[in-house]
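Working notes, beginning with the structure itself.
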Amino acid sequence: MQPIELLSGSDLEGIHKATMDILQGTGIRFPHPEALEIFQKNGFKVDGQLVFFQEDQVLDKIKDIPSRFTIQARNPQHNVTVGDGLPVFAPGYGAPFLIDPKTGKRVPSILDYKNLVKLAHMLPNQDMSGHLLVEPQDIPAATAHLEMVAANLLLSDKAFIGSTEGKIGAEHTMDLIDILFGDRTKGHFTTGLVNPLSPLSYSVDMVDALLVYARSNQPLVIASLIMAGSTGPITLAGVLAQQNAELLSGIVLSQLVRPGVPVIYGSTSTNVDMKTGGLAIGSPELSLCVAAHGQLARKYGLASRGGGALTDSSTVDAQAGYESMFSLYTTISSGIDFVLHAAGIISSYLAFSYEKFVMDDELCGMLKHFFHGMEVTPETLALEVINSVGHDGHYLGESHTIERCRSEFWLPDLGDRSGLEAWWGGEQEDTTARCTQRWEKLLNNYQEPDLDHTVKRQVLDYLKKELS
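Set out below in structure tokens:
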């Protein structure tokens, strides 16, 4: 299916020109001596901590970035290709709280984190395991990133997102990649999330991580989260221009460090709710930003990140369902290549939910099936069986039906199709209850994927050494 074309060609050009005005006139702040030196050595104007960009410099540096690349998993069956026409789904990221249907809001533990890694491994529509699924509060903050990266490598054989908690988090990730895959520079084995500090700045920790990932040949997701009316202008066109300037400046830095290293052009920008002052991620404004962002990515020939199964609801209710389906549908319709927050996130990024994790995974499966489309061939047109059945028969006993009855239709794992009589008869379990049963069953059936004993020992020894 063709992606949404929300903006006209002149609209896109207007945003591009506004971006170039920002980059040339206002500049981007990089409070990082090494980054400033890199820019200066490559002919960029530097004034204090501000870097200024000419249009030809920007376009020249981004032209060789691949729009399609593969991230290798330790199980090759789980390799993921970004930019091949279908979105890569990865779980929610960065939540400081968990929503528990029995106890309400609580802080997550490292056990919760490991459970979520196991679920990401088992859920059929999550293509990758995340890094900062939740923020465990019962382990030291200084080394939590290391325990989380190790958990992803040991408890799952899917591709994973690495740590960008400063230079140390990035280096720990690269060291573990060396143990599992050999030389970190010989392939793409993870991806790291780098966020500008809006407005028009980068933090030292984010630049540190960017430099480590780029030098190691590991893909980056550079993504802004501008809050329209707070950390950016209230108008969405202005948000897009500011965001574009933030992203392109970071992308240029990555290419100065290692030309051709893959970078995903990312957006999580949306509006502030003017009644509460809070971030609104279930809003149509977020989806408008995502659709426009997808167009800008295609204009520059870059892979894109945006959207997800997003909601402002703080429980798994109807609002969580309709907002998540709306935002996920518009994300895929916008041609987005990489979808972080594809499952589990709730309450405007503030919390993660086990129940929503499995519910959103079902949404991902439903939409994957829909966007796959339908096949029109002589066999699927079924003229022979239509003519054979005629006017008075039925199709249930036909071989054409029997051969396809288990594979032709998408079937839900959670959705209830048992009917009104079954509901009246006492089988009255709502969606949340079914979600709880599903994730509990998945964890009960979890089996740790095989990993070479020597490699596993090396990972554990490295973990012990760095934590001591």
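This note's numbering puts the sequence shown at residues 31 to 498.
Think of the CB as a built atom: it goes at the ideal place given N, C-alpha and C, for glycine as much as any other residue.
Just confirm the distance between the C-beta atoms of residue i and residue j, as a whole number of angstroms; I'd bet it's less than 8 Å.
{"i": "ALA125", "j": "ALA381", "result": "5 Å"}
{"i": "ALA267", "j": "ILE45", "result": "7 Å"}
{"i": "LEU497", "j": "THR173", "result": "6 Å"}
{"i": "LEU53", "j": "LEU309", "result": "Actually they do not touch by this definition, with Cβ atoms about 26 Å apart."}
Taking 7 Å as the cut-off, decide whether the C-beta atoms of residue i and residue j are in contact.
{"i": "VAL369", "j": "PRO117", "result": "yes"}
{"i": "GLY192", "j": "GLN102", "result": "no"}
{"i": "ALA244", "j": "VAL179", "result": "no"}
{"i": "LEU332", "j": "TYR379", "result": "no"}
{"i": "PHE60", "j": "TYR232", "result": "yes"}
{"i": "VAL224", "j": "ILE95", "result": "no"}
{"i": "GLY337", "j": "ILE366", "result": "yes"}
{"i": "LEU128", "j": "ARG136", "result": "yes"}
{"i": "ASP443", "j": "GLU392", "result": "yes"}
{"i": "ARG335", "j": "ALA271", "result": "no"}
{"i": "LYS91", "j": "VAL234", "result": "no"}
{"i": "ARG104", "j": "ASP187", "result": "yes"}
{"i": "GLY57", "j": "LEU80", "result": "yes"}
{"i": "SER357", "j": "SER317", "result": "yes"}
{"i": "VAL291", "j": "MET257", "result": "no"}
{"i": "GLN156", "j": "PRO121", "result": "yes"}
{"i": "LYS148", "j": "LEU176", "result": "no"}
{"i": "SER364", "j": "GLY324", "result": "yes"}
{"i": "ALA150", "j": "SER159", "result": "yes"}
{"i": "THR541", "j": "PRO249", "result": "In this structure the chain extends from 31 to 498, so residue 541 is not present and cannot be described."}
{"i": "VAL237", "j": "HIS62", "result": "yes"}
{"i": "VAL269", "j": "GLY262", "result": "yes"}
{"i": "GLY307", "j": "GLU353", "result": "no"}
{"i": "LEU397", "j": "ILE362", "result": "yes"}
Between residue i and chain B, is the shortest Cβ-Cβ distance under 7 Å, so that the two count as touching?
{"i": "ALA322", "result": "In the displayed structure, chain B is absent; only one protein chain is listed."}
Three-state secondary structure (DSSP) at residue i?
{"i": "GLY55", "result": "helix"}
{"i": "LYS75", "result": "strand"}
{"i": "VAL224", "result": "strand"}
{"i": "PRO475", "result": "Residue identity differs from the one stated: residue 475 is Asn in this sequence, not Pro. It is coil, neither helix nor strand."}
{"i": "VAL237", "result": "helix"}
{"i": "ILE375", "result": "strand"}
{"i": "LEU89", "result": "helix"}
{"i": "SER418", "result": "helix"}
{"i": "PHE400", "result": "helix"}
{"i": "PHE382", "result": "strand"}
{"i": "MET304", "result": "coil"}
{"i": "THR484", "result": "helix"}
{"i": "VAL388", "result": "helix"}
{"i": "SER498", "result": "coil"}
{"i": "ALA322", "result": "helix"}
{"i": "PHE60", "result": "coil"}
{"i": "SER186", "result": "coil"}
{"i": "THR100", "result": "strand"}
{"i": "LEU277", "result": "helix"}
{"i": "MET152", "result": "helix"}
{"i": "PHE82", "result": "strand"}
{"i": "GLY262", "result": "strand"}
{"i": "THR173", "result": "coil"}
{"i": "PHE119", "result": "strand"}
{"i": "PHE368", "result": "strand"}
{"i": "THR407", "result": "coil"}
{"i": "VAL242", "result": "helix"}
If you count every other CB in all the chains shown that lies within 10 Å of the CB of residue i, and 16 or more means buried, which is it?
{"i": "ASP77", "result": "exposed"}
{"i": "SER383", "result": "buried"}
{"i": "TYR143", "result": "buried"}
{"i": "LYS494", "result": "exposed"}
{"i": "THR298", "result": "buried"}
{"i": "LYS3", "result": "Lying before the first or after the last residue shown, residue 3 is absent from the chain, which here runs from 31 to 498."}
{"i": "CYS394", "result": "buried"}
{"i": "THR341", "result": "buried"}
{"i": "HIS161", "result": "buried"}
{"i": "ASP460", "result": "exposed"}
{"i": "ASN182", "result": "buried"}
{"i": "PHE439", "result": "exposed"}
{"i": "ASP390", "result": "buried"}
{"i": "VAL406", "result": "exposed"}
{"i": "GLY212", "result": "exposed"}
{"i": "THR265", "result": "exposed"}
{"i": "TRP469", "result": "buried"}
{"i": "CYS465", "result": "buried"}
{"i": "MET152", "result": "buried"}
According to DSSP, what are the bridge partners of residue i?
{"i": "ARG136", "result": "LEU128"}
{"i": "TYR295", "result": "ILE252 and SER334"}
{"i": "GLY39", "result": "Answer by DSSP bridge pairing: none, since GLY39 is not bridged."}
{"i": "ASN145", "result": "Answer is none; ASN145 lacks a bridge partner."}
{"i": "ILE191", "result": "THR221"}
{"i": "MET257", "result": "THR300"}
{"i": "ALA310", "result": "ASN301"}
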